[in-house]
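Read the structure below first, then the notes.
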Amino acid sequence: MQMEALQYQRMMEEQSEYDQEALQLLNELMVKREKERAELEKELEMCRKKLQEYETKGKLMMLKRRKESSTRSGTSSASCSNSEDSDGLSVDLNHERKEENGFYNHQETSNQNTPVDAVLYLEESLANFEEERLSILDQLKVLEDKLFTLSDEEEQHFEDVKAIEHLYKENGSGCSENLDHSSETNGVANETEDGMQNGHAEGVDSVALLKSINKFGVESKKLAIEEEVDHVYERLQALEADREFLKHCITSLKKGDKGIELLQEILHHLRDLRSVELRVRNMEEGAL
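What the sequence shown shows, in full-length UniProt numbering, is residues 1 to 288, in sequence order.
Set out below in structure tokens:
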């Protein structure tokens, strides 16, 4: 009886050591997952704040542009009325020199805004669009690398969990065999066997919980990266549309000088939007 009791005691001590090692590994993995979840929540909150700031800046820019356009229209109408009055006054007073000077000044102004200059300006903007397109493609490549890295980490985490689960199964099966053999000779081991089986069941439940936590963390990361990829693709599509528009503008300008001012104003607005987006992107990269 004393020998059997000592044997049971050694078996329980060994099982306790195995359980402590497994629980320590589980605790370490749980702490790691909690840190990753906190980082993801923090990053999500930062993205929300930046999105709100970006929307606010966009609204302010739109209001500013509307105000500037209304101011320009008022200024142009006032200048037109002033020019008509001055023309009428010059006709009434027969100031031929003033009329000739005004004609030459108009010619010089029109020569400064030739279609060739506008085409060069648009081609330069087209080159800037191409540079930004390459930058977006680089961002897509970085996001793809993140997805691959995340898949590798997921496989590694699942391998760790499988190793812990395998350790539990081995310990549980070995102890159950020994206890079954001992229970045939003495009925005192039944209570010890029940306690060890309960501990083994709790360990298996912990492994299942760890699996679910790992899966949730990986899925959250994948979802965040996929949303970012969709956003970058939308930017790329918008950039492609703007580039095609610029190509049509260049073709139109090469055929004639109609609509140059309108095209330049549209291009100015596009540049403003692109600069705002670049600033927001630089802020995001700096925060990360």
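Just so it is clear, CB atoms sit at the ideal spot from N, CA and C, and this is done for glycine as well.
Quick caveat: nothing in here was measured; it's all calculated off a predicted structure.
Can you have a look at residue i and say buried or exposed, based on whether 16 or more other CB atoms are within 10 angstroms of its CB?
i      : result
Tyr18  : buried
Asp272 : exposed
Glu132 : buried
Leu44  : exposed
Met11  : buried
Lys221 : buried
Asp145 : exposed
Asp138 : exposed
Met196 : Low per-residue confidence applies at Met196: pLDDT is 46, beneath 50, and the placement is therefore not dependable enough to give any value.
Glu100 : The predicted position of Glu100 is uncertain, since its pLDDT is 41 and thus under 50; a value taken from the coordinates is nonetheless stated next. Exposed, since its Cβ has fewer than 16 Cβ neighbours within 10 Å.
Could you tell me the alpha carbon to alpha carbon distance between residue i and residue j, rounded to whole angstroms?
i           : j      : result
Lys35       : Leu6   : 43 Å
Ser76       : Glu226 : Note that Ser76 scores 49 on pLDDT, short of 50, meaning its location in the model is unreliable; the coordinates nonetheless yield the value given after this. Answer to the nearest angstrom: the Cα atoms are 49 Å apart.
Leu134      : Leu23  : 49 Å
Met30       : Glu21  : 14 Å
Phe245      : Arg279 : 23 Å
Met1        : Tyr8   : 11 Å
residue 289 : Val229 : The requested residue 289 does not occur in the structure, where the chain is confined to residues 1 to 288.
Glu53       : Gln15  : 57 Å
Glu130      : Glu41  : 35 Å
Glu4        : Phe148 : 54 Å
Leu26       : His231 : 36 Å
Glu28       : Glu13  : 23 Å
Pro248      : Ser275 : Just to set this straight, residue 248 is His in the shown sequence, not Pro. Their Cα atoms are separated by approximately 22 Å.
Leu143      : Arg243 : 24 Å
Arg281      : Lys50  : 10 Å
Among the options, which has the Cα closest to the Cα of residue i?
i      : options                           : result
Met283 : Gln24, Arg37, Met46 and Lys32     : Met46
Lys141 : Gln15, Glu43 and Tyr233           : Tyr233
Ala127 : Gln15, Arg279, Glu240 and Leu26   : Glu240
Ala238 : Glu28, Asp145, Glu277 and Lys146  : Glu277
Arg235 : Glu144, Ser275, Asp145 and Ile136 : Ile136
Glu219 : Arg33, Glu4 and Glu13             : Arg33
Arg48  : Lys247, Glu28 and Ala224          : Ala224
**Asked** Is there contact here, the segment 261 to 280 with the segment 23 to 38, by at least three beta-carbon pairs under 8 Å?
**Response** Flag = no, the segment 261 to 280 and the segment 23 to 38 do not touch.
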